[in-house]
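Here the structure is laid out as structure tokens; the discussion comes afterwards.
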Amino acid sequence: TQYIDFGFNTGRFNGSSISVFSRGEPGLAVVGGRGEFMMATGVALFNPIIINATNVIMEFNITVVHY
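Counting from 4, one number per residue, gives the positions in the sequence shown under this note's numbering.
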């Protein structure tokens, strides 16, 4: 199981975060968050850009529904 928390520290969503969980590739589920994203739902897709022995760079495309 993978867990990723995307935090915001500037702008409109400062102090908020989006929580994402997955049991495998390629889709991940947005299962909530904090601040503006409390009770958020949605999906996230990721694309690995660089993976080597010391670095991982990934691109995320996240669609979120929040109230």
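Backbone N, C-alpha and C define an ideal beta-carbon position, used for all residues, glycine too.
- Query: How would you call V23, buried or exposed, if buried means at least 16 neighbouring beta carbons within 10 angstroms?
  - Reply: buried
- Message: Let me confirm a value: A56 is counted as buried when at least 16 other C-beta atoms fall within 10 Å, else exposed. Which label applies?
- Response: exposed
- Item | Contacts around F63, its chain only, beta-carbon distance under 6 Å, and the 5 residues preceding and following it disregarded | A47, F49
- Query: Helix, strand or coil for A49 per DSSP?
  - Reply: At residue 49 the sequence reads Phe, which differs from the Ala that was named. Strand at F49.
- Item | Reduced DSSP secondary structure (H/G/I, E/B, other) of F24 | strand
- Tell me where the beta strand (DSSP E) around M61 begins and ends. 59-68
- Per DSSP, what kind of secondary structure is F40 in: helix, strand or coil? helix
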